[in-house]
Amino acid sequence: MKIFLVNPYLLDFRPDEYDAFSVPTGLYYIGALLKKDGFDVEIVNLALQKKPLIYFRDRLKKEKPGIVGFSVLNANRFAAFEAATEAKKQITDVKIVFGGPCATFLPNHLFKVLPELDYIIAGEGEFTFLELARQIKSGRIDLQETIKGIFYRKGNQIVKTEDRELIPDLDILPNPAQFFDFQHLSLSRGCPGHCNFCGSPKFWGKGNVRFHSACWFVDQIEILYKKGVTHFYISDDTFTMDTKRVIEVCKKIIARKIDITFAAISRVDFINKDILFFMRKAGCIQISFGVESGALKIRKNLGKPVTRERIIKTFQMTSSYGILPRAYFIYGSPDENMETIQASCDLISEIKPLSAIFYMLVIFPGTEFYHRLERRGLVSDEIWQEKIEDIPWFEFDPDLCFEDIKKFGEKLRKAFFKNLDKFALDINLVDNSELDTEHAKFLARLGMTFSHGEYADNKYVKNWESSTIAEKLFTKALTYNNDIDAYFGLGMLFQKKGQFAKAIFFLEKGLDCFPDSFDLNICMGVTLMNTKDFNKALNCFNKFKEIPDVQQYIKICNQKINK
Ligand code: B12
Ligand code: SF4
563 MKIFLVNPYL LDFRPDEYDA FSVPTGLYYI GALLKKDGFD VEIVNLALQK KPLIYFRDRL
623 KKEKPGIVGF SVLNANRFAA FEAATEAKKQ ITDVKIVFGG PCATFLPNHL FKVLPELDYI
683 IAGEGEFTFL ELARQIKSGR IDLQETIKGI FYRKGNQIVK TEDRELIPDL DILPNPAQFF
743 DFQHLSLSRG CPGHCNFCGS PKFWGKGNVR FHSACWFVDQ IEILYKKGVT HFYISDDTFT
803 MDTKRVIEVC KKIIARKIDI TFAAISRVDF INKDILFFMR KAGCIQISFG VESGALKIRK
863 NLGKPVTRER IIKTFQMTSS YGILPRAYFI YGSPDENMET IQASCDLISE IKPLSAIFYM
923 LVIFPGTEFY HRLERRGLVS DEIWQEKIED IPWFEFDPDL CFEDIKKFGE KLRKAFFKNL
983 DKFALDINLV DNSELDTEHA KFLARLGMTF SHGEYADNKY VKNWESSTIA EKLFTKALTY
1043 NNDIDAYFGL GMLFQKKGQF AKAIFFLEKG LDCFPDSFDL NICMGVTLMN TKDFNKALNC
1103 FNKFKEIPDV QQYIKICNQK INK
């Protein structure tokens, strides 16, 4: 039987946002288990399609799935409704199954607004979906009440079966990397935290953290690496929760010579020097921390009462190991005012994050804040009939208004961008020769974000010259190691400024170490063309004469030489 597992698109359009298109990891896990059981599974990513409904209709007509499962967040529920309706229109006896956080926390609403919906799978979905799919395939759907963890219709009623126990050992799940290619991984499920704005504790079970073994996890990375994936996002709520396990993961990545980079998410109170050292050596380039606020009162309101000292220490330690510390801040929380926002700005100056994301507090069903509003009768399922992705907290807080919220966001963003040049130039790396190569790579990569990446053209506050900062970072990188990107970055910077002698100086040094580098040779060739040294330029281009883009340079050089 064919099964479609669908990632619906978000309600609000996000141009060029990678995050908006990526398939939830859970769909790969479910897909792997179903495939192993003999089902013919297709992951359908509607978020990637320009005309999703037309695309989906074509696939339904051609492939005639027996079951269509949707991964439903509040933000993509309308797309799931639209696609589910289309599926029933094309294939009358297809079964529509919803899973994921929105489905888990809003079952009654979803059954009410979508007559086409047959089943909801609550929480962790793998074995529940497998049992359901087997029953649908065998035609024994009369036994549906025996499947733990589902909601279904019985006449006008919505029936919920017994809760399904969580999978105790995640390693019993087949490795999705054997069947699919992807970049988002998770080592664990659940989080020891209990933040009032987060749905994770209720979804995955409070205090109920489960893991993969280091071996299973690294096998997954290795399979994907061999298929060509070299950068990963580790999606665990708190990746560094189990220090011993994470160090074991890192040691295995290093021992198996898996040459990757990865970014992870963690909490400031689950970090130490040992874990940072091994994570860096294994390829970690960024850790995101939910700092949330600079005011302890607000952090307490949000349910994350970590101390200021701990936050500062963790940020300082993380950047000192050559890992980019990224801060998440929330604004518009209960009790927020200009003073608490100022406290966040002050904290930003102390922790010196090298990337920061600021978002307004929004709430979802399944979070403590949502329950508080429900208890006060301020929200109910009805609100989700509106075309909204989420609920901004300030709309229910008499002490907050939209104008204030806008000012809070602007003030925070300015506090970050205004000082970003200092944060980058103040980096104090640990003195450890074992990390010299990594330090150079870190500084060069950061330099690139200033010279060519997201900080090159900063729309918020531009009171610093990004190319000057980049130059300093590239130069500092070279004090640690001969780094290819640092040479390339300097070559590009000076070439762009028309300072060709300086560009040639750095590119020559780079080419001494990396004579076969495409980037260095092409940059050198173009710089030499600018100095009218076409013979030497030709030498650089000729190394890559089979590449179509290079042939135009070769042609120009030959014409100039023959003149
Ligand atoms: C990592 C992550 C991301 C990554 C996603 C990476 C990826 N491709 O997987 C990124 C950064 C891209 C992201 C983006 C967003 N995220 Co997010 N994200 C998470 C996070 C922290 C972990 C997700 C994860 O990997 N879980 C582990 C895997 C194994 O579980 P899973 O994918 O959920 O799947 C399991 C179950 O949910 C269920 N299931 C899921 N789908 C289906 C489908 C069927 C048919 C069935 C039967 C079962 C089922 O079974 C699966 C296996 O057990 C969660 C919080 C959390 N801990 O869950 C938030 C979370 C899911 N994100 C959330 C939000 C709001 C978003 C954004 C909308 C943010 C924004 N404003 O842009 C976007 C939407 C992106 C999109 N494309 O739709 C909310 C959703 C709340 C809600 N009720 O809707 C969460 C719960 C965090 C929170 N605030 O509480 N996110
Ligand atoms: S916000 Fe982060 S630390 Fe807090 S409960 Fe959610 S996942 Fe855990």
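All residue numbers in the sequence shown are consecutive under our numbering, ending with 1125. Cβ atoms here follow ideal geometry from the backbone N, Cα and C, with glycine treated the same way. Predicted, not measured: the structure shown is a model, and the values here were computed from it.
Thinking C-alpha only, which one of the options is nearest residue i?
i: I833; options: C1075, I820, S850, R818; result: S850
i: R861; options: Y921, E707, I892, A1065; result: I892
i: Y883; options: K976, A977, G852, I989; result: I989
i: D725; options: R1007, G687, Q745, I1084; result: G687
i: P1077; options: G1060, N1101, F1096; result: N1101
i: L838; options: M1054, V868, T876; result: T876
i: L567; options: D574, P577, V659; result: V659
i: A1063; options: L1090, D1045, L1040, N1083; result: L1090
i: V585; options: D574, F632, I913; result: F632
When the Cα atoms are used, what is the spatial distance from residue i to residue j?
i: G1051; j: A1002; result: 13 Å
i: S1013; j: Q1057; result: 12 Å
i: N1043; j: T1037; result: 10 Å
i: S762; j: S750; result: 12 Å
i: E1000; j: C846; result: 10 Å
i: A594; j: A665; result: 21 Å
i: D836; j: E648; result: 53 Å
i: S911; j: K980; result: 10 Å
i: V721; j: S1028; result: 59 Å
i: L608; j: N569; result: 6 Å
i: E972; j: V868; result: 25 Å
i: D743; j: Y580; result: 16 Å
i: K768; j: M1054; result: 51 Å
i: L735; j: L589; result: 13 Å
i: P887; j: C757; result: 21 Å
i: I967; j: G894; result: 6 Å
For residue i, which three-state DSSP category applies?
i: C846; result: strand
i: R861; result: helix
i: T1126; result: Nothing in the structure corresponds to residue 1126, since the chain is present only between 563 and 1125.
i: G1087; result: helix
i: I653; result: coil
i: A540; result: Residue 540 lies beyond the range of the chain shown here (563 to 1125); nothing can be said about it.
i: L567; result: strand
i: N899; result: coil
i: L732; result: helix
i: H746; result: strand
i: P669; result: helix
i: H1001; result: helix
i: P960; result: coil
i: D993; result: coil
i: K764; result: helix
i: A1018; result: coil
i: I709; result: coil
Any heavy atom of ligand 1 inside 7 Å of the beta-carbon of residue i?
i: H793; result: no
i: Y714; result: no
i: R829; result: no
i: G538; result: One cannot answer for residue 538 here, as it falls past the ends of the chain, which runs 563 to 1125.
i: S584; result: yes
i: S1129; result: There is no way to answer for residue 1129, as the model of the chain reaches only from 563 to 1125.
i: I738; result: Note that residue 738 is Pro in the sequence shown here, rather than Ile. Every heavy atom of ligand 1 is 7 Å or more from the Cβ of P738, so no.
i: S633; result: yes
For residue i, report the span of its beta strand (DSSP E) as first-last.
i: P887; result: 886-893
i: E678; result: Neither: E678 is in no beta strand (DSSP E) and is coded neither H nor E.
i: G661; result: 657-661
i: F818; result: It should be pointed out that residue 818 corresponds to Arg in this sequence rather than to Phe. R818 -> no beta strand (DSSP E), and no H or E assigned at all.
i: A826; result: 823-828
i: K1098; result: Run containing K1098: none in the beta strand (DSSP E); it sits in the alpha helix (DSSP H), 1096-1104.
i: G631; result: 629-633
Give a yes or no on whether 8 Å exceeds the smallest Cβ distance from residue i to chain C.
i: S917; result: Given the protein chain composition of this structure (a single chain), no chain C is represented.
Can you determine whether any heavy atom of ligand 4 sits closer than 7 Å to the C-beta of residue i, and answer yes or no?
i: K866; result: Among the ligands present in this structure, namely ligand 1 and ligand 2, ligand 4 is not found.
What is the residue span of the alpha helix (DSSP H) that residue i lies within?
i: Q719; result: Careful: Q719 lies outside any alpha helix (DSSP H), inside the beta strand (DSSP E) at 719-722.
i: T536; result: Nothing about residue 536 can be read from this structure; the chain reaches only from 563 to 1125.
i: A1063; result: 1062-1075
i: Y795; result: Segment 793-796 is the beta strand (DSSP E) holding Y795; no alpha helix (DSSP H) there.
i: I873; result: 870-882
i: G593; result: 587-598
Is residue i a contact residue of ligand 2, with contact defined as CB to any heavy atom under 7 Å?
i: H671; result: no
i: C760; result: yes
i: P763; result: yes
i: H1001; result: no
i: H542; result: Residue 542 cannot be examined here, being either before or after the span of the chain that is shown, 563 to 1125.
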